[in-house]
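Engineer:
Residue numbers (the working numbering): 32 to 520.
1. Considering only residues of the same chain and omitting the five flanking positions on each side of residue 86, which have a CB-CB separation below 8 Å?
2. Helix, strand or coil: which one does DSSP assign to residue 277?
3. Here's a check: name, in chain order, each residue in its chain whose Cβ is nearer than 6 Å to the Cβ of residue 449, leaving out the five neighbours to either side.
4. Smallest Cα separation from residue 401: which of 416, 389, 393, 388?
5. Below 8 Å on the Cβ atoms is my contact criterion, and I expect residue 317 with residue 347 to pass it. Report the Cβ-Cβ distance as a whole number of Å.
6. Taking the beta carbon of residue 454 as the centre, do at least 16 other beta carbons fall within 10 Å, making it buried, or is it exposed?
7. Beta-carbon within less than 7 Å of residue 217's beta-carbon, same chain only, minus the 5 sequence neighbours each way: which residues are those?
8. Tell me which residues share the same chain as residue 373 and place their Cβ nearer than 8 Å to its Cβ, disregarding the 5 neighbours each side in the sequence.
9. Just the Cα atoms here: how many angstroms apart are residue 133 and residue 123?
10. If you reduce the DSSP assignment to three classes, tell me which class residue 379 lands in.
11. Answer yes if the region 360-379 comes into contact with the region 278-292, meaning at least three C-beta pairs across the two stretches below 8 Å, and no otherwise.
12. Got a sec? Which residues, its chain only, sit under 6 Å from residue 367 by beta carbon, not counting five neighbours each side?
13. So, are the CB atoms of residue 83 and residue 59 less than 8 Å apart?
14. Go ahead and pull the three-state DSSP assignment for residue 202.
15. Is it buried or exposed, residue 341, if we count other Cβ atoms within 10 angstroms and call 16 or more buried?
16. Name the two residues that bound the continuous beta strand (DSSP E) containing residue 466.
17. Between the C-alpha atoms of residue 480 and residue 439, what's the straight-line distance to the nearest angstrom?
18. Leaving out the 5 sequence neighbours to the left and right, which residues in its chain are closer than 6 Å to residue 519 when beta-carbon positions are compared?
19. Going by the beta-carbon positions, is the gap between residue 161 and residue 121 smaller than 8 Å?
20. Do residue 117 and residue 141 have their CB atoms nearer than 8 Å?
21. Just to confirm the assignment, what range does the beta strand (DSSP E) spanning residue 417 have?
22. Just to confirm, is the Cβ distance from residue 409 to residue 364 under 8 Å?
23. Going by the CB atoms, is the gap between residue 478 and residue 436 shorter than 8 Å?
24. Just to confirm, is the Cβ distance from residue 179 to residue 223 under 8 Å?
25. With a 10 Å radius around its C-beta and 16 neighbouring C-beta atoms as the bar for buried, classify residue 301 as buried or exposed.
26. Pick out whichever of 272, 98, 228, 253 has its Cα sitting closest to the Cα of residue 239.
27. Kindly identify the DSSP beta-bridge partner or partners of residue 306.
28. Mind listing, in chain order, the continuous beta strand (DSSP E) runs of no fewer than 3 residues lying wholly within the region 219-262?
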């Protein structure tokens, strides 16, 4: 497989603001670039940069495998612009194990540190603390606990934000317009959870307490029941400072091309909420249609998610690409089924190519083709390949094919009796040696318009065959019976 030699990802466009609240609300142009490279099996380095009107930010970091016990990540960044110069430092440790897991991270930013989000109304927290621990108890389930602390100063937003009715966000009408102030955020949330499988169900309980918001607390309990490989139904009840909470949901996920999916949701808390959605995964896009009703207000939506990619000289339409992808090339052989992790990913087009959009980056992905879709007159050296693409990049996976120019020859002696099994035939033009099987049958490839064979029989006798060959597209012709003329010593 071939891939890009530069492990860099870039994004550019206008910043989308007030998503889900206002239509066609876009900010200034912004761009980001990220470079990442593994220097060894234990060390990966990365660098990133982003900019928009009023600020430019750049940073770098590394991820280290500490003796296969934990992953250590360290990063630093600096920004400069109209708000001054600021810095941000972060460090974290993470371990994912079959029995015991933990993670902890801390990020500290200066008052003047800015990024694209900060320039669009979401200030960077001055201090952010996260910690979690998890323990597997085998058939008795698993327990976990987590802490999250955020310290963020109040700050004016440089954009006109959507303010819901009844909001307590302060407004300063100076400067000839509306400048909204993001309130200070001081959050200290401690949560704990327990889950256990019971027969085919999964039961869970989660509780939390916020030490910074008037001591608010809450608890949630629920269960999930799978209904096949793609469907499930779940229900939960909870109670917190804002009152009781009940929810039920049924869902089916569209996994492969041609799958239908759905989601039905209903909850009863301070506001009644009902939601229904139908999804279809086509070869070119994920199509969704749904209706949402919140406290008597109903909205409908129709959405399509897909991508257009220009790769290896070709333009491909596919489902949305969120990670890495591959272009499978069968040397012009059309309508061949492509398998990704033994699941049907689609068929090659008239040019013998198909884009597979959902590969896992930095991991081994198994891609193959269905051998029964290969015409009999075509040979292929292999039907599976393993690829390990980089993050947000593509690979071209080639399955070279060639026409065998083969035929099944029926070889007989001068009396019309099939030659004995175990005889050996040699094609004079190429020197290729093939065995003669039962009923005098021999499969020979790389034939030309006129060919000659030399045959040696088990008893040592030799004979000679001459014949003409005409290929049959998509099939292997049978030629014969062909008399093998005995050769005198």
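Virtual Cβ for every residue (Gly too), placed ideally from N, Cα, C. Note that the structure is predicted; figures quoted are calculated from it, not measured.
Structural biologist: Answer, in terms of the structure:
1. Here residue 86 is taken as the residue at index 55 of the chain shown, counted from 1. For residue 86, where only same-chain residues beyond five positions count, the Cβ hits under 8 Å are 110, 111, 112, 113, 114, 145, 146, 147, 149, 150.
2. Along the chain shown, read from residue 1 onward, the residue named residue 277 stands at position 246. Note: residue 277 maps to strand in three-state DSSP.
3. Within the chain shown, residue 449 is the residue found at index 418, counting from 1. Within its own chain, the residues whose Cβ lies closer than 6 Å to the Cβ of residue 449, once the five positions on either side in sequence are excluded, are 443, 470, 471, listed in chain order.
4. For the purposes of this step, residue 401 is identified with residue 370 of the chain shown, where counting begins at 1. Closest option to residue 401, Cα to Cα, is 416.
5. Taking the first residue of the chain shown as position 1, residue 317 is located at position 286. Taking the first residue of the chain shown as position 1, residue 347 is located at position 316. That belief does not hold up - the Cβ atoms of residue 317 and residue 347 are roughly 16 Å apart, past 8 Å.
6. Counted from its first residue, the chain shown places residue 454 at position 423. Looking at its Cβ environment, which holds 16 or more other Cβ atoms inside 10 Å, residue 454 is buried.
7. Here residue 217 corresponds to residue number 186 of the chain shown, with the count starting at 1. For residue 217, same chain residues with a beta-carbon under 7 Å away, outside a window of 5 residues either side, are 182, 243 in chain order.
8. If you number the chain shown from 1, residue 373 lands on position 342. Setting aside the 5 residues that flank it on each side, residue 373 is surrounded in the same chain by 397, 399, each with a C-beta closer than 8 Å to its C-beta; the list follows chain order.
9. In the chain shown, residue 133 corresponds to position 102, counting from 1. In the chain shown, residue 123 corresponds to position 92, counting from 1. Distance between the alpha carbons of residue 133 and residue 123: 11 Å.
10. Translated into positions along the chain shown, residue 379 becomes position 348. Residue 379 sits in coil when the DSSP states are folded into three classes, being neither helix nor strand.
11. The region 278-292, when compared against the region 360-379, does touch it at the 8 Å Cβ threshold.
12. The count along the chain shown starts at 1 and reaches residue 367 at position 336. Sequence-distant partners of residue 367 (beyond 5 residues in either direction) whose C-beta falls short of 6 Å from its own C-beta, in its chain, are 361, 379, 400, 404.
13. Counted from its first residue, the chain shown places residue 83 at position 52. Counted from its first residue, the chain shown places residue 59 at position 28. Going by C-beta atoms, residue 83 is nearer than 8 Å to residue 59.
14. Mapped onto the chain shown, residue 202 falls at position 171. With a pLDDT of 43 at residue 202, under the threshold of 50, the modelled position of this residue cannot be trusted; read the value that follows with caution. In the displayed model, residue 202 falls within a strand according to three-state DSSP.
15. Counting from one through the chain shown, the residue named residue 341 turns up at place 310. With fewer than 16 other Cβ atoms from the protein chains shown falling within 10 Å of its own Cβ, residue 341 counts as exposed.
16. As a working note, residue 466 is residue 435 in the chain shown. 464-466 is the span of the beta strand (DSSP E), which, as asked, contains residue 466.
17. Taking the first residue of the chain shown as position 1, residue 480 is located at position 449. Taking the first residue of the chain shown as position 1, residue 439 is located at position 408. C-alpha separation (whole angstroms): 15 Å.
18. Position 488 of the chain shown, counted from the start, is the residue given in the question as residue 519. Counting only Cβ-Cβ distances below 6 Å, and skipping sequence neighbours, we find nothing.
19. Your numbering for residue 161 matches position 130 in the chain shown. Your numbering for residue 121 matches position 90 in the chain shown. Taking 8 Å as the Cβ cut-off, residue 161 and residue 121 do not qualify as a contacting pair.
20. Taking the first residue of the chain shown as position 1, residue 117 is located at position 86. Taking the first residue of the chain shown as position 1, residue 141 is located at position 110. The answer is yes: Cβ separation under 8 Å.
21. Within the chain shown, residue 417 is the residue found at index 386, counting from 1. 415-418 is the span of the beta strand (DSSP E), which, as asked, contains residue 417.
22. Here residue 409 is taken as the residue at index 378 of the chain shown, counted from 1. Here residue 364 is taken as the residue at index 333 of the chain shown, counted from 1. A contact, by the Cβ cut-off of 8 Å.
23. Counting from 1 along the chain shown, the entry for residue 436 is found at position 405. Counting from 1 along the chain shown, the entry for residue 478 is found at position 447. In this structure, residue 436 places its C-beta atom within 8 Å of the C-beta atom of residue 478.
24. If you number the chain shown from 1, residue 179 lands on position 148. If you number the chain shown from 1, residue 223 lands on position 192. Their beta carbons are not under 8 Å apart, which means residue 179 does not touch residue 223 by this criterion.
25. Along the chain shown, read from residue 1 onward, the residue named residue 301 stands at position 270. Under a 10 Å Cβ-count criterion, residue 301 is classified as exposed, with fewer than 16 other Cβ atoms of the shown protein chains found around its own Cβ.
26. Numbered from its first residue, the chain shown carries residue 239 at position 208. Taking only the C-alpha atoms, the option nearest residue 239 is 272.
27. Stepping through the chain shown from its first residue, residue 306 is reached at position 275. Answer is 296, 323, bridged to residue 306.
28. Fully contained in the region 219-262 are the following beta strand (DSSP E) runs of length 3 or more, in chain order: 232-241, 248-257.
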